[in-house]
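So the sequence shown is numbered by our numbering: it starts at 4 and just counts up by one.
Using N, Cα and C, we set each Cβ at its ideal position, and we do this for glycine too.
Predicted, not measured: the structure shown is a model, and the values here were computed from it.
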Amino acid sequence: MKSRLPGSIYLLSIGIFLMVCCELQVLGMTQQLTRDFDISVAKVGYLVSAFAAAMALGGPVLTLMFNRLPPKTFVIRLYVVFVFGEVLGAVTHQYWLLMLSRLITGAVAGAFFGVAISMCQQLTDKSRQLDAVALVLSGIMLGTIIGLPVAKVMAEWFTWSASFYLLALLALVFALLSAISLPRIQPEPAKAVKDEIAALNNARLGWLYATSFFVISAAYAPFSYIVPILSAHAALPQNTITLLLLAYGIVMLAGNQIVAKLAVHHAKTVIMAGLSLVGAALAVFYLFGSNPYIAGAATLTIGLCGVSLNPALVARIMQLPQGQRTFTHTVHSSVITLGIMFGSFIAALGLDAGFSLVSPLLVGLFFALIAMLIVLFTPPLLTKSVLPIPPA
4 MKSRLPGSIY LLSIGIFLMV CCELQVLGMT QQLTRDFDIS VAKVGYLVSA FAAAMALGGP
64 VLTLMFNRLP PKTFVIRLYV VFVFGEVLGA VTHQYWLLML SRLITGAVAG AFFGVAISMC
124 QQLTDKSRQL DAVALVLSGI MLGTIIGLPV AKVMAEWFTW SASFYLLALL ALVFALLSAI
184 SLPRIQPEPA KAVKDEIAAL NNARLGWLYA TSFFVISAAY APFSYIVPIL SAHAALPQNT
244 ITLLLLAYGI VMLAGNQIVA KLAVHHAKTV IMAGLSLVGA ALAVFYLFGS NPYIAGAATL
304 TIGLCGVSLN PALVARIMQL PQGQRTFTHT VHSSVITLGI MFGSFIAALG LDAGFSLVSP
364 LLVGLFFALI AMLIVLFTPP LLTKSVLPIP PA
């Protein structure tokens, strides 16, 4: 019988959930921010981009600064900085301070992802490590489903700063729970910054990072423009699109759990199968997406097999010696964030160049094919299996 996952894994998942809610919250208050700060919609978009950039670049920097701390202490300090960033955003009436708030919380989010994945490996039996990773990563899916609409409702019913205060309060509560409940783990063996960076200079790790980059780009190039595509191309009403996006989040959450189970022994096969299904869905969507039923089915397939490949991507990295270190996973989360930005950016370039509204689907298909080629040509990893066969 499998051992139960410790409660601390759920605490880490909630932390990831809070970070993702923070990332998306400003999109739910665009109207209020443009009015109160007298800024354009584009400047609200910059707040999202700043968070992502800080997550990609600031997360590794924070990890290098505090990599000698015990993981529990690191988590609590990250929460403290996060609370400061959210409160700063709530009280400010100046755009540059709001931008600073986003940079602070973005860097914290990047570091939190890395330490959470690393702690999963340290807090669970080897037979349950991927289950723990999947549970922690489910915080991403839940944050995506819940974060944006909650921020939107709070901005409309109260004030835009209400969600900043709410996240700060929740972070404070879970910082205290973490201080009480998270077990003390010895810090990783101390390494100089140059040694941490040198460990990334590994061909196999580079191939795995490249896989993650293009897998996520393939999913987010079309998803960034899924609402206008469903509305204008598939002629779906807004209420139906809302329900479809909710279903997208649910199947993404289910796919995350399914992938975690299968990736224990078949991570490479799972990634190839997922990419094949995503590619097929994007091709069918492009060719026949004016049919609303086909558009809906393709959207759900992308949700089931796209971002939900995360546990399999992590499983491949865990097979390498560097896969046991927090910094490796922090950089991996940065690579994924850059993949999101890159996919959306290339899709936007195509639209600005005059290509059709459905061109992001072809961009996603192209990235999926690149990811498949990378997986096929990746050198054999050091071990054949991530984890031993779990006991019956």
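Using only the alpha-carbon positions, how far apart do residue i and residue j sit?
i: Ile-392; j: Arg-131; result: Low confidence applies here, because Ile-392 scores a pLDDT of 34, under 50, leaving its location unreliable; read the following figure in that light. Approximately 10 Å, taken between the alpha carbons.
i: Leu-60; j: Ala-112; result: 11 Å
i: Thr-37; j: Met-102; result: 14 Å
i: Ala-356; j: Val-366; result: 13 Å
i: Val-139; j: Leu-8; result: 11 Å
i: Gln-327; j: Gln-125; result: 9 Å
i: Val-84; j: Ala-371; result: 37 Å
i: Leu-352; j: Ile-19; result: 31 Å
i: Met-157; j: Leu-376; result: 45 Å
i: Ala-237; j: Pro-295; result: 5 Å
i: Cys-123; j: Gly-117; result: 10 Å
i: Thr-76; j: Phe-288; result: 47 Å
i: Leu-27; j: Gln-97; result: 20 Å
i: Ser-3; j: Leu-172; result: In the structure displayed, the chain extends from 4 to 395; residue 3 sits before or after that span and is not available.
i: Cys-308; j: Val-273; result: 9 Å
i: Val-389; j: Arg-319; result: Its pLDDT being 43, under 50, Val-389 is placed unreliably in this model, and the value from its coordinates should be taken loosely. Computed Cα separation, rounded: 7 Å.
i: Thr-162; j: Ile-349; result: 34 Å
i: Ala-283; j: Ala-301; result: 9 Å
i: Ala-374; j: Leu-180; result: 40 Å
i: Lys-197; j: Val-90; result: 35 Å
i: Asn-242; j: Leu-248; result: 10 Å
i: Phe-217; j: Gly-342; result: 6 Å
i: Leu-21; j: Val-86; result: 11 Å
i: Ala-270; j: Ala-174; result: 33 Å
i: Trp-160; j: Leu-246; result: 22 Å
i: Trp-1; j: Gly-146; result: With the chain running from 4 to 395 in the structure shown, residue 1 is simply not present.
i: Leu-379; j: Met-275; result: 9 Å
Which two residues bound the contiguous alpha helix (DSSP H) that contains residue i?
i: Trp-163; result: Element bounds for Trp-163: n/a, residue is neither H nor E.
i: Leu-106; result: 98-126
i: Gly-309; result: Per DSSP, Gly-309 belongs to no alpha helix (DSSP H) and is neither H nor E.
i: His-268; result: 241-291
i: Arg-207; result: 206-226
i: Leu-95; result: Here residue 95 is Thr; the residue named in the question, Leu, does not match the sequence. Segment: none, Thr-95 is in no alpha helix (DSSP H) and carries neither H nor E.
Below 7 Å CB to CB, which residues in the same chain sit around residue i once its five sequence neighbours on both sides are set aside?
i: Ser-1; result: Residue 1 is absent from the structure shown; the chain starts at 4 and stops at 395.
i: Leu-203; result: Val-334
i: Ser-347; result: Tyr-223, Ala-224, Ser-227
i: Leu-144; result: Sequence check: residue 144 is Met here, not Leu. These residues qualify, in order along the chain: Gly-252, Met-255, Leu-256, Asn-259.
i: Tyr-168; result: Ala-93
i: Leu-81; result: Val-111, Ala-114, Phe-115
i: Ile-17; result: Gly-142, Phe-177
i: Ile-1; result: Lying outside 4 to 395, the shown extent of the chain, residue 1 is not represented and no answer is given.
i: Pro-73; result: Arg-187, Ile-188, Gln-189, Pro-190
i: Gly-150; result: Val-23, Cys-24, Leu-27, Gln-28
i: Val-47; result: Val-29, Thr-33, Leu-36, Thr-37
i: Ala-182; result: Ile-79
i: Gln-325; result: Ala-202, Asn-205, Leu-208, Thr-331
i: Thr-108; result: Cys-25, Phe-54, Phe-85, Gly-88, Glu-89
Leaving out five residues before and five after residue i in sequence, what residues of the same chain have Cβ atoms less than 6 Å from its Cβ?
i: Gly-306; result: Tyr-251, Val-254, Met-255
i: Phe-291; result: Ile-297
i: Leu-285; result: Leu-364, Gly-367, Leu-368
i: Ala-178; result: Ile-79, Tyr-82
i: Met-344; result: Ala-55
i: Asn-313; result: Leu-140
i: Lys-155; result: Gly-31
i: Thr-95; result: Leu-101
i: Leu-106; result: Ala-53, Ala-57
i: Ser-164; result: Ala-93
i: Leu-65; result: Ala-110, Ala-114
i: Met-68; result: none
Can you give me the Cβ contacts of residue i inside the same chain, cut-off strictly under 8 Å, excluding the 5 residues immediately before and after it?
i: Leu-360; result: Tyr-228, Pro-231, Ile-232, Ala-235, His-236, Leu-354
i: Lys-387; result: Bear in mind that a pLDDT of 42 at Lys-387, under 50, signals an unreliable position, so the number given afterwards is only what the model happens to contain. Closer than 8 Å at the Cβ level, and outside the excluded window around Lys-387, lies no residue.
i: Val-317; result: Ile-120, Leu-133, Val-136, Leu-140, His-332, His-335
i: Leu-280; result: Thr-304, Leu-307, Cys-308
i: Ser-293; result: His-236, Ala-237, Ala-238
i: Ile-244; result: Val-230, Leu-233, Ser-234
i: Ile-42; result: Leu-36, Tyr-98
Enumerated in chain order, which unbroken segments of the alpha helix (DSSP H) with a length of 4 residues or greater are wholly contained in the stretch 15-48? You should have 33-39.
Those runs of the alpha helix (DSSP H) which lie wholly inside the stretch 312-395 and span at least 4 residues: List check, alpha helix (DSSP H) in window: 313-321, 329-355, 362-380.
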